[in-house]
Amino acid sequence: MNAGLILVQLLNGITLGAIYVLVAVGLTIVFGMLNIINFAHGSLYALGAYFAFMVATVIGESSGSFWAAAVVAPVLTGIFGAIIEITLLRRMYHELHEYQILLTFGVAMVLQEIIILIWGTYGKSIPMPSQLDGVIHLGLFTFPTYRIFLILFTAVTCLGLWLMIEKTKYGSIIRAGTENRNMVSCLGIDINKVFTVIFALGVGMAGLAGALSLPMRGAQSAMGDSIMLLCFVTITIGGLGSFTGAILGGLIVGIVESMMALVWPQGGMISIFAAMALVILVKPTGLMGLK
Amino acid sequence: MKTGGSFLLALLLIVLVISFFAGPSAAQEKVTMAGMATFGGAYVGVDEINRAKDFFLNERGGKVFNKPIEFIIIDDEGKPAVGARKVRELAESKGARFFDGPASSAVGMAVSQVAKETKSILIGSFGADDFTGSQCHRYAFRWGLSAYGAIQQTIIPLIKKFPAAKRWYTITPDYIFGHSLLNNAKEVFNKYGIEHVGNDMHPIGQTEYSSFFNKAMAAKADVVVFLNFGKDTVNSIKQAGNFGLAKKAKLLAVWTQGTQDLVEIGPEAAEGVYLGCQFWHNVDFPGTRAFVKAWQDKYNVPPSYPEAMHVEQFRMMAMGIEKAKSLNTDAVSKAMEGMKWDGVTGETSIQSFNHETRKNYFLLQGKPKKEMKDPHDMASVVSFGSSLKTQAESACKMQ
Amino acid sequence: MNGSKFPTHDALGRKTGLIDRHILIVSGLSLLLYFILPFRTLPTEILVFALGAVSFNILLGYTGLLSFGQGAFFGSGAYTAGLLLIHFHWHPLLILLLSAFLAASIAAVIGFLSIRQVGIYFVMLTLAFNQLVYFIVYQWKNLTGGDDGLLNIARPDLSVLPGLAVPLQTNFQFFIFVWAIFIAVLIVIRRITDSPFGRILVAIRENPDRGRAVGYNIFHYKLLAFIISGFFTGLAGGLYTLFLKMVPITAVDIITSSDFVIMSLVGGTRSLYGPILGAAIIKIASEFLSQIWSRWMIVLGLIFVSFVLFMRGGLWGLLLNLRKKLFAPKMEGEGRL
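Residue numbers (the numbering used here), protein chains in the order written: chain F, 68 to 358; chain B, 121 to 519; chain P, 289 to 625.
Take a look at the structure:
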């Protein structure tokens, strides 16, 4: 076991973590602010990947196609999410968790099948964007440039999102709305619109994650399933509703997964879920949760 | 207390109405053939079997042994519990006795158990050696080469092609099929003096293979062998492409689905990678050419491995029935032993002692994009052949 | 409500025996399943899952605990039965009992750890435990067969006296066996839920603080509910193994857990019998739909969505409403827990 191997594994873990962070941030924002558990979040991640595929294929083989897809796909996913929110979820905010789960579970099933209906059963992929197609050399090892980009991009996106929520006026409306929706309504702000935007934002993050993982892993109709479970672990460890928690949780899950592959590959999942159980038992609100 | 009666009677009505539409199956003079596939999820394969079914029924005029064919396709959901129960259901309530097997070894072994109990012919190409090895029975037939044959036809040619490559690394899915491949690979490594520098087990559905590449690179492997299947192989090779692994070591995927996997992997990542496959559309056997032409006339694209597999297996069942001139599965089983014909992979014959089929397995190499003459010309054939265990080597003791 | 003095009364204080009209009708209908449906194996599977769903609903419908980890108990029961059947040739009833006890023990542990959490944390914790059990089973290949599961398990006949055994080999024979156990278990569960214990569970669900104020140890009641639910879920798991003659790893996975949740919600959680309806409808619909359309899961998903939007009380609630409309004002406040 040499230092180089450990380093690349760490980098791998952070890359994995980056994807989890993007998806989990979306999930935790929605839970923290709207108090809704969205079991369809994983399938929206898949939808983002497929939207990206669609955009990239429509534009065709050109150096800009991936970038266009990476911008358009999250927006499309967000719009789709907004539609779901308005038609279905709006009335679910005060319902029991089991009904939220059944509803979003049903939506997830329908979405997965619609993906197959539109795009068929074969998986889809697009080539790496030419600017990022390469590896950096670390001694014996290689590490794809694309994954470095992914890490940086995620960091920038999270920073941007955090800034927007903490520092802008619209962000403060969002924060206020989650603390006291009635008061915000009284101030003349359409709280329903705020909630729709929040949901679209959360879902858009998942779509972004899907689009970004498309060149790396391709798109398959069932790709949302495994990500969904891991994201539950992530936000539980980090703290339900906590933005920084999602970041921390995602990195932890990614790194544990990656480092366990060095030592005991099959033990990766056991460790992750054991960690999840442990966090809930010891500090249910999560590492970054309040109290 | 009058609570129960009325509305539970309403429920009874609902149940009756639903089952009215299904109706009992009348005992007609027909042959019920069945196939199973996964309709959704990660290992979906329903479109292929449906196309194969249509092709097969078309070329037979919907009949075998002068009786109309009732063809049922069930969703095994990729789960042994579902596949086994539905096969038993078809056998018992519809009298189906001819089954085309699933893609998954886990489902296949469970279904084989049911086939034995219900005396139903089962033809499968899933990899687990036990199917025609320690768990063989007279109703089980295998078309595709087993794990043993796949390893022999891919690893040995590469050993001979690259005599300097002594350090081999394996990546294995942690279930019965993966173990079969790994055990066979280890035997070959021992026999040819190859240094097996490392192995990684991964659960099925693994999405991240980067760690394994890193370990292979740390072990200074000359060849990295992927012993996984389907989506896992696609992900492995794609990611290997991202990591530029093909520049550091030779890559071999022992068990692929041919065009289907190549399309998903993409030409960039597939270039130079060695791939084993049960079927390739671009080889010069009369059986292959005839089949590919007929398929292409109907569907405008060449057939993929799963489609070829289904068609061939359906044909085997039909041939067996007509040779036996009977629907009795004991008779059909006897008739199929020793059967010879020009199959979709060349000359094909069925061994009597363990019901394995002698057919060709192909070692391919991914072509660079600029060399592809058409979108499906994704690989060139490196070698092909057949390797089956002899009776002495086999664990099959059939009665 | 003088609970302790009248142990066999329903929610309105009316005397009920062991076997009442409800049980008779459910018995009759479930028996009829085998004859009405054009399937030989589906009816048995329906009863096994119905049992699992009813056991789950002790936690959700009665105690208000959304346990997302029933697969751990179902699977434990299934694997116990499988291993016992492979290594020993004991009486099937004994094997079922042992499977149930093991599952109950695991439920005790998981319950003990989980109950202190509330709301979404409870749900997540049960989910985490389920996944832990799943991956341990997956890894422990020597014992459980890992992903391949346990195959080639023989189904013994039911020996009654030395030399005399009831055969269980054909579909019909085994169906009757499962049906008999199903009805027996249903009667027992009904006694439990109609008893003071059951009503306290409901009280805890409605208002735990008040329950505490009156002096009930909420924790103990919830834990007992877990153990009871785990016991019968494990029993269902053991039946599943006898049914399939194998133990698939899916018996212990999260999808099985969610199956029970969905079946209960669709059938109606506010009744003992609701989950039976849910199990039947979902299993039957899945079987028919998968024969018609390869994208049949869309329909299932749409069914779930419609249930949440329009039929929160599940099928049971729907039927109750129908009955109210047809036989209007006589029934007031009936059929509620």
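All C-beta atoms in this analysis are idealised placements derived from N, C-alpha and C, irrespective of residue type, glycine included.
Sequence-distant residues of the same chain with beta carbon closer than 6 Å to residue i, five excluded per side
i	result
B/Ala-147	Summary for B/Ala-147: the model assigns pLDDT 48, below 50, so the residue's position carries little reliability, and this model does not support an answer.
F/Val-139	Val-122
F/Lys-358	At F/Lys-358 the pLDDT is 47, less than 50, meaning the model places this residue with poor confidence and gives no usable figure here.
F/Ala-175	Phe-106, Ala-107 and Ser-110
B/Ala-235	Leu-242 and Tyr-259
P/Leu-390	Ser-364 and Thr-368
F/Cys-86	In the sequence as displayed, the identity of residue 86 of chain F is Ile instead of Cys. Ala-276 and Ser-280.
B/Ala-389	Ile-357, Lys-358 and Gly-361
B/Ala-172	Glu-427, His-430 and Val-431
P/Thr-529	Ala-366, Ala-369, Gly-370 and Val-535
Beta-carbon proximity list for residue i, same chain, < 8 Å, skipping 5 on both sides
i	result
F/Gly-334	Met-327
P/Val-314	Ile-471, Leu-474, Tyr-561 and Ile-564
B/Thr-158	Val-164, Gly-165, Val-166, Asp-195, Asp-196, Glu-197, Gly-198, Pro-222, Ala-223 and Ser-224
B/Ala-204	Val-227, Ala-230, Val-231, Gln-233 and Val-234
P/Asn-459	Arg-328, Thr-329 and Thr-332
Straight-line gap, residue i to residue j (C-alpha atoms, nearest Å)
i	j	result
F/Met-100	F/Gly-308	7 Å
F/Ala-149	F/Ala-267	5 Å
F/Ile-81	F/Val-142	25 Å
B/Asn-480	B/Gly-378	14 Å
P/Asn-345	P/Ile-311	17 Å
P/Ala-491	P/Gly-451	50 Å
B/Met-429	B/Glu-491	28 Å
B/Asn-334	B/Leu-365	9 Å
F/Leu-163	F/Leu-156	13 Å
B/Gln-416	B/Asp-462	19 Å
B/Asn-186	B/Leu-382	40 Å
P/Ile-477	P/Gln-405	26 Å
P/Ser-546	B/Ala-499	44 Å
F/Cys-253	B/Pro-200	57 Å
P/Lys-612	P/Val-411	34 Å
P/Gly-602	P/Phe-595	7 Å
Cross-strand partners of residue i (DSSP beta bridge)
i	result
B/Met-321	B/Thr-292
B/Lys-187	B/Val-184
B/Tyr-394	B/Leu-372 and B/Gln-485
B/Phe-219	B/Ala-154 and B/Leu-242
B/Gly-505	B/Tyr-481
B/Thr-468	B/Trp-461
P/Ser-447	P/Ala-453
B/Asp-195	B/Ala-157
B/Ser-500	B/Gln-485
B/Glu-76	This structure cannot speak to residue 76 of chain B, because chain B is shown only from 121 to 519.
Close-in-space but distant-in-sequence residues of the same chain around residue i (CB under 7 Å, 5 per side omitted)
i	result
B/Thr-123	Because B/Thr-123 sits at a pLDDT of 46, beneath the cut-off of 50, its placement in the model cannot be relied upon, and the point is left open.
F/Ala-136	Ala-119, Val-122, Ala-123 and Ala-278
P/Phe-334	In the sequence as presented, Phe is not what sits at residue 334 of chain P; that position holds Ile. These residues qualify, in order along the chain: Leu-321, Ala-567, Ala-568 and Lys-571.
F/Thr-303	Met-343, Val-346, Ile-347 and Gly-353
F/Ser-197	Ser-130
B/Asp-249	Ser-266, Ala-267, Tyr-268 and Ser-300
P/Leu-606	Met-599
B/Ala-451	Ala-444
Residues of the region 295 to 326 of chain B with Cβ closer than 8 Å to any Cβ of chain P, in chain order: Tyr-295, Ile-296, Pro-323 and Ile-324
Entirely enclosed alpha helix (DSSP H) segments - the region 502 to 557 of chain P, minimum 4 residues: DSSP runs (the alpha helix (DSSP H)) wholly in the region 502 to 557 of chain P: 506 to 532 and 542 to 555.
Continuous alpha helix (DSSP H) assignments of at least 4 residues falling wholly in the region 321 to 356 of chain B: 330 to 338
Residues within the region 201 to 216 of chain B neighbouring chain P, beta-carbon criterion of under 7 Å: Ala-201, Ala-204, Arg-205, Arg-208, Glu-209, Glu-212 and Ser-213
Contiguous beta strand (DSSP E) assignments of at least 3 residues, all confined to the region 169 to 246 of chain F: Qualifying beta strand (DSSP E) stretches, in chain order: 202 to 205 and 208 to 211.
Residues of the region 371 to 388 of chain B whose Cβ lies closer than 8 Å to any Cβ of chain F, in chain order: Gln-380, Val-383, Glu-384, Ile-385, Gly-386 and Glu-388
Residues from the region 202 to 218 of chain F in contact with chain B, defined by Cβ distance under 7 Å: Those residues of the region 202 to 218 of chain F that come within reach of chain B (Cβ to Cβ, closer than 7 Å) are Val-202, Leu-207, Phe-208, Thr-209, Pro-211 and Tyr-213.
Residues, ordered as in the chain, of the region 278 to 308 of chain F that lie near chain P by beta-carbon distance below 8 Å: Leu-296, Phe-299, Val-300, Thr-303 and Leu-307
Residues of the region 419 to 436 of chain P whose Cβ lies closer than 9 Å to any Cβ of chain B, in chain order: Phe-423, Tyr-426, Gln-427, Lys-429, Gly-433, Gly-434, Asp-435 and Asp-436
Proximal residues, the region 307 to 337 of chain P versus chain B, C-beta separation under 8 Å: Asp-308, Arg-309, His-310, Leu-312, Ile-313, Val-314, Leu-317, Leu-320, Leu-321, Ile-324, Leu-325, Pro-326, Phe-327, Arg-328, Thr-329, Leu-330 and Glu-333
Members of the region 325 to 351 of chain F that neighbour chain P once the beta carbon cut-off is set at 7 Å: Gln-333, Met-336, Ile-337, Phe-340, Ala-341, Met-343, Ala-344, Ile-347, Leu-348 and Pro-351
Within 7 Å of chain B by C-beta, residues of the region 71 to 82 of chain F in sequence order: Leu-72, Val-75, Gln-76 and Asn-79
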